[in-house]
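K.L.:
Starting off with a structure, shown below.
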Amino acid sequence: MNQHISPTRTAYSACPHDCPSTCALEIEVAEGRIGRVRGSRDNSFTAGVICAKVARYAERANHPDRLTRPLRRVGAKGEGRFAPIAWDEALDEIAHQFAEAEKRHGPEAVWPYYYAGTMGLVMRDGINRLTRAKGYSRFFSSICVNPAWSGFLAGTGKLAGPDPREMARSDFVVIWGTNPVSTQINVMTHAIRARKERGAKIAVVDVYRSPTMEQADIPILIRPGTDGALACAVMHVLFRDGLADRAYLAQFADDPAGLEAHLASRTPDWAAAITGLPADEIEAFAHAIGRTPRTFIRAGYGFTRSRNGAVAMHAVSCIPTITGAWQHEGGGAFHSNSAIYGWNKRMVEGLDIPTTARELDQSRIGDILTGDAEALLGGPPVTAMLIQNTNPVSVAPDQETVRRGFARDDLFVAVHEQFMTETAAMADIVLPATMFTEHDDLYQGGGNQYVILGPKLVEPPGECRTNHAVIGALAERLGAAHEGFQMSPRAHVDWMLQAKGRGTVEELEEKRFLDVQPDFETAHYVKGFNWPDGKFRLKPDWAHSRYASPGKFGPYRDMPAWPDHWAVIEEANADYPFRLVTAPARSFLNSTFTETEGSIAREKRPELLLHPDDAAGLGVSEGDLLTVASARGEVLLHARLFDGLRRGVVVAESIWPNRAHAGGRGINSLTGADPVAPVGGAALHDNRVRIARA
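Adding 17 to a residue's 1-based position in the sequence shown gives its number in our numbering.
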């Protein structure tokens, strides 16, 4: 008997996950399933390289535990007992509960909640169309980018910079506050190319000897939350030793004389006492920057997830202004290219629908769901939610409060998900969601300059439906009207492309991706920075941030006038003598990939990196179970002795599910939800803790 064998074809897509690379992908497809995933070799940023976890994506897409049918809770909240129901029944129930919430407390009692589980512009952002059409409480996105973006904008006035591929044409690559070996592998592709082809040196500034720092020529190991002090000391040396480009500063900076006077006391010895980095290493680092015109600073997100994160980012971005490195190919500072795309999202998000509904802070979901009047902005309680693309019961800060909020009997929650996450387990209705190869979408790179099409490649398993389909079905039941509800995902992609003058979806399908990198003069601010006078703001106006937000947050009135070490971090004290950073893991991405066997095997178990000398003082040995406590909660972690830390600093890599921890409490039980100045954010890496053997 002849057996038909389906041929394997190579299809093209984009990685949908919350990483600045948004890699262009080549995906093998056979028998209606995806197989091997590779980086696109003809995309000049991806350059054929992707991270190991996405290379193994078939393990996730074809996982036996994927949700494939709608479910209704039949046990107590959080018990995890569900029974299958039909799609129409599930959607009718959600619409009914939303209508009841609106009847009791008004439309603001409903809070659609989402985030970056997919970076696709259609599937991620379409939920806002329903929010606006119904007048529901809006979603203020705050957990990730706010301190970093507001800090970069404070100087340049625009969230863009040199072509990130120019790292390969740099003579000194400074990777500051990020671990791209684990979190954005393409940065290393271009940095290592500079080393091989130009003899460039690579410096890495971080709070522990990460896999990226292991590859550095110049490792810069500092204490958490002290990046601003290091940047100030570097600039002090640049001015002091004649390494500042005074002609450039006179033309392109607002007050270089004022900054130089301010920095007179910010010496390497001053910074050494704050950062833990010896003064001679600060001197050498500053000289390497000052004597290398083509110095490219790749500034990450990690060092900004601190209560002084915006100030630190601004200080770091000032350095190439002092040296004039912006003028040179392979020079300047790059954080994100998010401002270069300029999409019209009217149709996707329903931006033509007027609304005055309150905008609730994503990071304060615990306070909001437990009825904090200030977090609720004086409005009604939230009694109904639809959650897409995120897992707040695992990833949101101040987990003890978050879990109390989700346990409320009067809170109705519908979760649209791919797996039974801890948030889904707290839901009343769970809906099965598609993955990126199972729907059409459009992607943009934050860490590069590519627009990439992600077409539907295979049919979804079981009864999985797209985010767009769910939003449209609910809109129909709730009487929400907008043209965007009737459009297909592919039509949305086509509309956005044409509205921006970037061709049609058919043309992008043929090309696969578009390079929209601005010209050199624009990217390097050759004709001036994005302010009326064209001058970089060494002295930022924090009270009038260009980051779009519903207001100002945190102690923004107390922010320093100049680059500085702003001492608002949770410094260690007698009760909590250690500083904890909750760093990303290599095999997980936030709480994604925590369900795949390959990633679990590589990460092994939740652990705490602890300096051997600190361990000796605590009587702790390798593998001991530890109680780690902050003022907000406590977590059990196994000790891993590691000498790549400053004394008094500990690191917990990854967001393991709460249930993976002994005791059932995850790492975000230790983190705080108090907003970061000036425009909000979560200080996930800024925690003081105490440690004891469990």
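Ideal placement from N, C-alpha and C gives every residue a C-beta, glycine not left out.
Computed from a predicted structure; not experimentally measured.
So the candidates are 583, 695, 197, 124; which of them puts its Cα closest to the Cα of residue 226?
P.N.:
Taking only the C-alpha atoms, the option nearest residue 226 is 197.
K.L.:
Roughly how many angstroms lie between the CA atoms of residue 127 and residue 367, to the nearest whole one?
P.N.:
Distance between the alpha carbons of residue 127 and residue 367 is about 17 Å.
K.L.:
Using the Cα positions of residue 207 and residue 66, report the straight-line distance between them to the nearest angstrom.
P.N.:
Each residue's alpha carbon lies about 11 Å from the other.
K.L.:
Rounded to the nearest angstrom, how far is the Cβ of residue 672 from that of residue 608, given a contact under 8 Å?
P.N.:
Yes, they are in contact, since the Cβ atoms of residue 672 and residue 608 sit about 5 Å apart, within 8 Å.
K.L.:
Distance, Cα to Cα, residue 189 vs residue 270?
P.N.:
Distance between the alpha carbons of residue 189 and residue 270: 23 Å.
K.L.:
Do you know whose CA, among 444, 436, 511, lies nearest residue 481's CA?
P.N.:
The option with the nearest alpha carbon to residue 481 is 436.
K.L.:
Look at the alpha carbon of residue 461 and the alpha carbon of residue 520, and state the distance between them as a whole number of angstroms.
P.N.:
Looking at the two C-alpha atoms, the distance is approximately 15 Å.
K.L.:
Between which two residues does the alpha helix (DSSP H) containing residue 265 stretch?
P.N.:
Unbroken alpha helix (DSSP H) run through residue 265: 263-269.
K.L.:
With distance defined between alpha-carbon atoms, name the residue in 329, 513, 477 nearest to residue 750.
P.N.:
Only positions 18 to 711 of the chain appear in this structure, which leaves residue 750 out of reach.
K.L.:
Considering just the uninterrupted stretch of the alpha helix (DSSP H) at residue 404, what are its terminal residues?
P.N.:
From DSSP, residue 404 is part of no alpha helix (DSSP H) but of the beta strand (DSSP E) over 401-405.
K.L.:
Considering only the alpha carbon of each residue, which of 26, 604, 27, 32 lies closest to residue 467?
P.N.:
Nearest of 26, 604, 27, 32 to residue 467, Cα basis: 32.
K.L.:
Please list, in chain order, all residues of the same chain as residue 116 whose beta carbon is under 8 Å from its beta carbon, the five residues on each side excluded.
P.N.:
If we look at residue 116 and ignore the five residues flanking it on each side, its Cβ neighbours are 495.
K.L.:
Would you decide whether residue 58 is buried or exposed? Buried here means 16 or more other CB atoms lie within 10 Å of its CB.
P.N.:
Residue 58 should be labelled exposed.
K.L.:
Assign residue 552 to one of two classes, buried (16 or more other C-beta atoms within 10 Å of its C-beta) or exposed (fewer than that).
P.N.:
Buried, because 16 or more other Cβ atoms sit within 10 Å of the Cβ of residue 552.
K.L.:
Go ahead and label residue 121 buried or exposed: buried means 16 or more other beta carbons lie within 10 angstroms of its beta carbon, across all protein chains shown.
P.N.:
The residue is exposed, with fewer than 16 neighbouring Cβ atoms inside 10 Å.
K.L.:
Do the segment 324-338 and the segment 239-247 make contact, defined as three or more Cβ pairs closer than 8 Å?
P.N.:
Flag = yes, the segment 324-338 and the segment 239-247 touch.
K.L.:
Taking its Cβ as the centre, do 16 or more other Cβ atoms sit within 10 Å of residue 543, making it buried, or is it exposed?
P.N.:
Looking at its Cβ environment, which holds fewer than 16 other Cβ atoms inside 10 Å, residue 543 is exposed.
K.L.:
Return yes when the Cβ of residue 284 is within less than 8 Å of the Cβ of residue 239, no when it is not.
P.N.:
Contact flag unset, no.
K.L.:
For the beta strand (DSSP E) containing residue 350, name the first residue and the last one.
P.N.:
Element bounds for residue 350: 349-351.
K.L.:
Taking C-alpha atoms, which residue in 637, 614, 385, 438 lies nearest to residue 625?
P.N.:
Out of 637, 614, 385, 438, 637 has the C-alpha closest to the C-alpha of residue 625.
K.L.:
Going by beta carbon distance, what residues of the same chain come within less than 7 Å of residue 212, once the five residues before and after it are set aside?
P.N.:
Excluding sequence neighbours, residue 212 sits near 219.
K.L.:
Quick check: the Cα distance between residue 133 and residue 600, rounded to an integer number of angstroms?
P.N.:
When rounded, the distance between both Cα atoms is 18 Å.
K.L.:
Please classify residue 642: does DSSP put it in a helix, a strand, or coil?
P.N.:
Residue 642: strand per DSSP, three-state reduction.
K.L.:
Residues in its own chain within less than 8 Å of residue 388 by CB, not counting five upstream and five downstream?
P.N.:
The residues are 398.
K.L.:
Residues in its own chain within less than 7 Å of residue 147 by CB, not counting five upstream and five downstream?
P.N.:
Hits under 7 Å: 129, 488, 491, 492, 497.
K.L.:
Rounded to the nearest angstrom, what separates residue 266 and residue 252 at their Cα positions?
P.N.:
Those two C-alpha atoms are separated by around 13 Å.
K.L.:
Per the contact definition of three or more C-beta pairs closer than 8 Å, is the segment 644-664 in contact with the segment 615-632?
P.N.:
Counting Cβ pairs under 8 Å, three or more are found: they touch.
K.L.:
Locate the alpha helix (DSSP H) running through residue 52, then write down its first and last residues.
P.N.:
Not the alpha helix (DSSP H): residue 52 falls in the beta strand (DSSP E), residues 50-56.
K.L.:
Is residue 247 helix, strand or coil when you go by DSSP?
P.N.:
Note: residue 247 maps to helix in three-state DSSP.
K.L.:
Which stretch, first to last residue, makes up the beta strand (DSSP E) that contains residue 484?
P.N.:
Segment 484-495 is the alpha helix (DSSP H) holding residue 484; no beta strand (DSSP E) there.
K.L.:
Ordered along the chain, which non-local residues of its own chain (more than five positions away) have a Cβ less than 8 Å from that of residue 300?
P.N.:
Excluding residues within five positions, the ones whose Cβ falls inside 8 Å are 254, 285.
K.L.:
Confirm, please, whether the CB-CB distance from residue 159 to residue 379 is below 8 Å.
P.N.:
Against a cut-off of 8 Å, the Cβ pair of residue 159 and residue 379 comes out as a contact.
K.L.:
Buried or exposed: which applies to residue 431, given that a residue is buried once 16 or more other Cβ atoms fall within 10 Å of its Cβ?
P.N.:
The residue is buried, with at least 16 neighbouring Cβ atoms inside 10 Å.
K.L.:
Helix, strand or coil, according to DSSP, for residue 586 in the structure here?
P.N.:
Residue 586 falls in the coil class under three-state DSSP.
K.L.:
With contact counted as at least three CB pairs below 8 Å, one residue from each stretch, are the segment 698-710 and the segment 316-326 in contact?
P.N.:
Enough Cβ pairs lie closer than 8 Å, so yes.
K.L.:
Taking only the alpha-carbon atoms, compute the straight-line gap between residue 99 and residue 426 and give it to the nearest angstrom.
P.N.:
Going by the C-alpha atoms only, they are around 16 Å apart.
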